[in-house]
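In what follows, a single structure is set out as structure tokens and then discussed.
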Amino acid sequence: DIQMTQSPSTLSASIGDRVTITCRASQSIFSYLAWHQQKPGKAPKLLIYGASSLESGVPSRFTGSGSGTEFTLTINSLQPDDFATYYCHQYSTNPLTFGGGTKVEIK
Amino acid sequence: EVQLVESGGGLVQPGGSLRLSCAASGFTFISYWMHWVRQAPGEGLMWVSRINNDGTSTVYVDSVRGRFTVSRDNAKNTVYLQMNSLRDDDTAVYYCTRGTPNLSTFDQWGQGTLVTVSS
Numbered sequence: 064d065i066q067m068t069q070s071p072s073t074l075s076a077s078i079g080d081r082v083t084i085t086c087r088a089s090q091s092i093f094s095y096l097a098w099h100q101q102k103p104g105k106a107p108k109l110l111i112y113g114a115s116s117l118e119s120g121v122p123s124r125f126t127g128s129g130s131g132t133e134f135t136l137t138i139n140s141l142q143p144d145d146f147a148t149y150y151c152h153q154y155s156t157n158p159l160t161f162g163g164g165t166k167v168e169i170k
Numbered sequence: 695e696v697q698l699v700e701s702g703g704g705l706v707q708p709g710g711s712l713r714l715s716c717a718a719s720g721f722t723f724i725s726y727w728m729h730w731v732r733q734a735p736g737e738g739l740m741w742v743s744r745i746n747n748d749g750t751s752t753v754y755v756d757s758v759r760g761r762f763t764v765s766r767d768n769a770k771n772t773v774y775l776q777m778n779s780l781r782d783d784d785t786a787v788y789y790c791t792r793g794t795p796n797l798s799t800f801d802q803w804g805q806g807t808l809v810t811v812s813s
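Residue numbers (the numbering used here), protein chains in the order written: chain A, 64 to 170; chain L, 695 to 813.
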């Protein structure tokens, strides 16, 4: 199975900050990488697919980059609505797998 | 509006069975693969199973293979997850998700249904 390792597991930031979350795959997943956002008690929501493509309706302050085994999610100018947990997800190979999540907290 | 509505969760004893349903609306159901993803309390996300458009191909994570069965009824726009021989570690919120055929992530999620396995 492909292991997905996210860092950090928790991140404290202030409104307006730029934050970066990293996701590493245990083998190449090309660009078959997505980012999902989850708020407490809610279902996840797709933000980014294909490593860097923004899902329709998602604010442009979210950007994804990377390919192969190294990926990043950047949130430019953090907003109050962005405090949540973020998961990377590889869909290159079955079984599909997720990173452990990064919780973005208010500093 | 795209909607995925899960039902069928509840409390079940270890070794018992449960069938989850996911009713889809607002899109052409037969055009999409459907997946189940679960989340144990306080934990991360884990993909469970996938079924293709016409139900002829299914895939499972190792921990549920042989115990869980995914199926779909395209006439009813519904996907199912039959869960047998349930164990304590199957306790989770189960989400129904939608994916396009072949290599794709999940672009729509249901609200989830809680399955609790406990004596």
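Built from N, CA and C at the ideal position, the CB exists for glycine as well. Just so we're clear, the structure is a prediction, and the values are computed from it rather than from any experiment.
Residue of L/ALA786, L/TRP803, L/ASP782, L/ASP767 minimising C-alpha distance to L/ARG792: L/TRP803
task = Kindly indicate which three-state DSSP category L/ASP767 falls into: helix, strand or coil?
result = The DSSP-derived three-state label of L/ASP767 is strand.
Practice task
Check each candidate in L/GLU695, L/ASN747, L/LEU705 and name the one with the smallest Cα separation from L/MET777.
Solution key: L/LEU705
- Enumerate in chain order the residues of its own chain whose CB-to-CB distance from L/LEU808 is below 7 Å, with the five nearest sequence positions on each side excluded. GLY703, VAL787
| Supposed close pair A/TYR154, A/HIS99 - CB separation, criterion 8 Å | Incorrect: roughly 11 Å between the Cβ atoms, too far for contact.
- Residues of chain L with a CB under 9 Å from the CB of A/SER155: which are they? LEU797
Just to confirm, does L/ASP782 get its C-beta within under 6 Å of one of the non-hydrogen atoms of the ligand MG? Absence of the ligand MG is noted for the structure shown, with no ligands found whatsoever.
Minimum length 4: unbroken alpha helix (DSSP H) runs contained in the region 744-813 of chain L: none
Review point. Along chain A, in chain order, which residues have C-beta atoms closer than 7 Å to that of L/TRP730?
Key: Near L/TRP730 there are no residues of chain A at all, since even the closest Cβ is about 11 Å away, more than 7 Å.
Note to self: Using CA atoms only, rank isn't needed, just tell me which of A/ASP144, A/ARG81, A/THR160, A/THR156 is closest to A/LEU16.
What the structure shows: Nothing can be reported for residue 16 of chain A, as the shown portion of chain A is limited to 64 through 170.
How would you write the range of the beta strand (DSSP E) that A/PHE134 sits in, first residue to last?
133-138
If you draw a straight line from the C-alpha of A/ILE138 to the C-alpha of A/GLY131, how long is it?
-> 21 Å
Simplified DSSP assignment, three categories, for L/ILE724: helix
Return yes when the Cβ of A/GLU168 is within less than 7 Å of the Cβ of A/SER75, no when it is not. yes
Among all the DSSP beta bridges, which residues are the ones paired with A/GLY127?
Partner(s): A/LEU136.
For chain L, check one thing: does any of its Cβ atoms lie closer than 7 Å to the Cβ of A/PHE146? no
Against chain A, with Cβ distances strictly below 7 Å, would L/TRP741 count as a contact?
yes
Could you tell me which residues DSSP pairs with L/GLY705 in its beta bridges?
Sequence inspection shows Leu at residue 705 of chain L; the Gly mentioned does not correspond to that position. L/THR810, per the DSSP bridge assignment.
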